[in-house]
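A quick write-up on the structure given underneath.
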Amino acid sequence: MDSPLKILLLEDDPVDRETFEQFIETNDLPYEVVATSSMGNAVQLALQNSYDIIIADYVLDDGTVLDLLKSVESTPVIIATASGDEETAVKAMKAGAYDYLIKDQELNYLRMIPVTVDRAVAQNRARRQARMLDHALMSIHDAVFITDEHGRIVFVNAAFEDMYGYTPQEILGSEARVLCLDQDMCHLASAPEGGAEHALECIHCRKDGEHFPVAVTRSDLGDDLGKEQAVVWVVRDITSWKRTEEQLRHSLREKEVLLREVHHRVKNNLQVVSSMLNLQAGFVQDEQTADALRDSQNRVKSMALIHERLYHSEFLTRIDFAKYVRSLAEHIKSTYHRVGGVEMELGIDESLQLEVDVAIPCGLMLNELITNAFKHGFPGGGPGGVRISVGVEPADEAQTVRLAQSGNASRRMRLVVADDGAGFPEDFSAQASETLGLQLVDMLAQQLHGSYTVERVESGARISVSIPVE
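The opening position of the sequence shown corresponds to residue 1 in full-length UniProt numbering, with each subsequent residue numbered one higher.
Put into structure tokens, the structure is as follows:
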């Protein structure tokens, strides 16, 4: 149940006062009435207590209702005046009274009390809400202005004055298009979409002619039928944002140039090392030592190719792994040109992109596996073939559980190199192998939380590496 309305009744006629109170009681109106016959006492009561409504006779022995209106601006005042004295009531309304009642001998005016009181309370509530909204709008740091259905500015807040340099007197009534240089916002102002909110960046103009970037948000206000009544614009000066954004872009461009230069220099240095190893291999008489130098050269070359790809890549932290594998495989094949008659077949996922920290160890592993296929699979030359496949596949259920527990990805990349050459010896064991190549594959696979398997197939050998990827 709502609390009763607290009413201060200011009436110096005891009969009228008693009649008013009896009407309230008889009609069981939810009013709590405090009555007084003195204007001075009424002012004191109004200042010391909180009343929802004051109903006051216009003239009392110690003053008029105008004295009361000067003292109690926040409480709605309803004037009760004698019949034929409407001009006095209108005067009071202009001074701040909410409404008036015309006393008549038949006391019909009493029946108007509930309607008049409810209307005054609602009006006061609306005024208070409007004041709160106005205070909120005037307090926020973004510029706010409101335009009517004709696009004319009807309200601006304090931040608007600071941002644009216009006083309310200078800008109110002007069209909003005077603020913008580009037509995006102006077009938006003339093409509302019924309550929808729009946000855009454009260039606005201050009173002194200075242009500045802004972010504008628009909200359309309509009536119950959807017809536009006003548009609320919230404008934020993004000059500092744009300056910071440009500084970040400039810094990023500098870092990209620097990173590309790093990749370029690393690639060149690795190329020098590779060339020196190749040169040294040419002076070595012992074939076993020369092979070891060529193997080292290929390992260095596999890393140099990564940095070469990164240097030419749009993205400086990951590479197109399919193109990289092709380059690496062709390079190794050309290194073993003496192994004639061996064809190479590639099956690679064209969409595969790898981060640098994964691509380098994967490149080293592929280098070892492809080198082994050419070097040991066909020691006397072809005919034969080397098949290289690289792709991503979902992990099986058991692998998914293990990977989830270890915090790794649920997909796996598989690197497979197979040949139909000599194959592994009958007594071959990958775990017991002392060759540097397979030891390197084992170490790098573990580094990437992966594993590798060696298989003797019907004709040749097959080595598969499986590692988790995002």
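The beta carbon of each residue, even a glycine, is placed where N, CA and C say it ideally should be. Model, not experiment: these values are computed from the prediction.
Bridge-paired residues (DSSP) for residue 413: Mapped onto the sequence shown, residue 413 falls at position 413. In DSSP, residue 413 forms a bridge with 392, 467.
According to DSSP, is residue 213 helix, strand or coil? Locating residue 213 in the sequence shown gives position 213, where the first residue counts as 1. DSSP places residue 213 in strand when its eight states are reduced to three.
How about residue 5 and residue 121: are their beta carbons less than 8 Å apart? What you label residue 5 is simply residue 5 of the sequence shown in a count that begins at 1. What you label residue 121 is simply residue 121 of the sequence shown in a count that begins at 1. Yes. Within cutoff.
Counting C-beta neighbours from all protein chains within 10 Å, is the total for residue 30 16 or more, i.e. buried, or is it exposed? Here residue 30 is taken as the residue at index 30 of the sequence shown, counted from 1. When all chains shown are included, residue 30 counts as exposed.
Hey, out of 297, 268, 269, 270, whose CA is closest to residue 281's CA? In the sequence shown, residue 281 corresponds to position 281, counting from 1. Comparing Cα-Cα distances from residue 281 to each of 297, 268, 269, 270, the minimum goes to 297.
Take the Cβ of residue 14 as the centre, count every other Cβ of all protein chains shown within 10 Å, and call the residue buried at 16 or more, exposed below. Counted from its first residue, the sequence shown places residue 14 at position 14. Under this definition residue 14 is an exposed residue.
For residue 229, three-class secondary structure by DSSP: As a working mapping, residue 229 is identified with position 229 in the sequence shown. Residue 229: strand per DSSP, three-state reduction.
CB contact flag (residue 264, residue 311, <8 Å): Translated into the one-based positions of the sequence shown, residue 264 becomes position 264. Translated into the one-based positions of the sequence shown, residue 311 becomes position 311. Yes, the pair counts as a contact, with Cβ atoms nearer than the cut-off.
So is residue 139 buried or exposed if we call it buried at 16+ other beta carbons inside 10 Å? One-based indexing of the sequence shown puts residue 139 at position 139. When all chains shown are included, residue 139 counts as exposed.
Between residue 176 and residue 235, how many whole angstroms is the CB-CB distance? I'm expecting something under 8 Å. What you label residue 176 is simply residue 176 of the sequence shown in a count that begins at 1. What you label residue 235 is simply residue 235 of the sequence shown in a count that begins at 1. Between residue 235 and residue 176 the Cβ distance is about 10 Å, and since that is not below 8 Å, they are no contact.
Measuring alpha carbon to alpha carbon, tell me which residue in 40, 284, 416, 361 is nearest residue 386. The residue you call residue 386 lines up with position 386 of the sequence shown. Nearest option by C-alpha distance: 416.
Using a 10 Å radius around the Cβ and a threshold of 16 neighbouring Cβ atoms, would you call residue 141 buried or exposed? Here residue 141 refers to the residue found at position 141 when the sequence shown is read from its first residue. Exposed, by the Cβ-count rule.
Let me know if residue 301 comes out buried or exposed under the rule of 16 or more other beta-carbons within 10 Å of its beta-carbon. Position 301 of the sequence shown, counted from the first residue, corresponds to residue 301. It is buried - the Cβ of residue 301 has at least 16 other Cβ atoms within 10 Å.
Please go through the same chain and pick out, in chain order, the residues whose beta-carbon is closer than 6 Å to the beta-carbon of residue 348, but skip the five residues on each side of it. As a first step, residue 348 is located in the sequence shown; it is residue number 348 there, counting from the start. The residues are 322, 325, 390.
Would you check whether the ligand MG has a heavy atom nearer than 7 Å to the C-beta of residue 343? This structure simply doesn't include the ligand MG, nor any ligand for that matter.
Secondary structure, beta strand (DSSP E): runs of 3+ residues fully inside the segment 91-145: 99-103
Could you pull the DSSP bridge partners for residue 54 from this structure? Stepping through the sequence shown from its first residue, residue 54 is reached at position 54. Bridge partners of residue 54: 8, 77.
Integer Cβ distance of residue 315 from residue 342, believed to fall under 8 Å: Locating residue 315 in the sequence shown gives position 315, where the first residue counts as 1. Locating residue 342 in the sequence shown gives position 342, where the first residue counts as 1. Not confirmed; about 35 Å, so no contact.
Are the beta-carbon atoms belonging to residue 43 and residue 9 less than 8 Å from one another? Indexing the sequence shown from 1 puts residue 43 at position 43. Indexing the sequence shown from 1 puts residue 9 at position 9. Taking 8 Å as the Cβ cut-off, residue 43 and residue 9 do not qualify as a contacting pair.
Coil, strand or helix - residue 456 by DSSP: As a first step, residue 456 is located in the sequence shown; it is residue number 456 there, counting from the start. Residue 456 falls in the strand class under three-state DSSP.
Sequence-distant residues of its chain with Cβ nearer than 8 Å to residue 392 (five each side left out): Numbered from its first residue, the sequence shown carries residue 392 at position 392. If we look at residue 392 and ignore the five residues flanking it on each side, its Cβ neighbours are 349, 352, 411, 412, 413, 414, 469.
State the Cα-Cα distance for the pair residue 472 and residue 438, rounded to the nearest angstrom. Any answer about residue 472 is impossible in this case: the structure gives the chain only from 1 up to 470.
Take residue 60 as the anchor and find which of 231, 212, 80 has the nearest alpha-carbon. Walking along the sequence shown from the start, residue 60 turns up at place 60. It is 80 whose Cα lies nearest to the Cα of residue 60.
Give the range of the beta strand (DSSP E) segment to which residue 67 is assigned. Sequence index remark: in the sequence shown, residue 67 carries index 67 (1-based). Careful: residue 67 lies outside any beta strand (DSSP E), inside the alpha helix (DSSP H) at 65-71.
Applying the 10 Å Cβ sphere with the 16-neighbour rule, what's the burial state of residue 157? Along the sequence shown, one-based indexing puts residue 157 at 157. Residue 157 is buried by the Cβ-count criterion.
Only counting the same chain, and skipping five residues up and downstream in sequence, which positions put a Cβ closer than 6 Å to that of residue 201? Here residue 201 corresponds to residue number 201 of the sequence shown, with the count starting at 1. These residues qualify, in order along the chain: 215.
Nearest by alpha-carbon distance to residue 517: which of 209, 418, 155 is it? Residue 517 is absent from the model: the chain starts at 1 and stops at 470.
Residue 152, DSSP secondary structure in three states: Within the sequence shown, the letter at position 152 stands for residue 152. In this structure, residue 152 counts as strand in the three-state DSSP scheme.
Three or more beta-carbon pairs under 8 Å between the segment 113-120 and the segment 88-101, yes or no? yes
Starting from residue 332, trace the beta strand (DSSP E) in both directions and tell me its first and last residue. Here the question's residue 332 lines up with position 332 in the sequence shown. From DSSP, residue 332 is part of no beta strand (DSSP E) but of the alpha helix (DSSP H) over 321-335.
Out of curiosity, what's the CA-to-CA distance linking residue 363 and residue 465? By 1-based counting over the sequence shown, the position of residue 363 is 363. By 1-based counting over the sequence shown, the position of residue 465 is 465. Going by the C-alpha atoms only, they are around 12 Å apart.
How would you label residue 20, buried or exposed, when you count the other beta carbons within 10 angstroms and need 16 or more for buried? As a first step, residue 20 must be located in the sequence shown, where it is residue number 20. Per the 10 Å Cβ criterion, buried.
Start and end residues, beta strand (DSSP E) containing residue 31: Start at 1 with the first residue of the sequence shown, and residue 31 comes out as number 31. Here the beta strand (DSSP E) through residue 31 covers 31-36.
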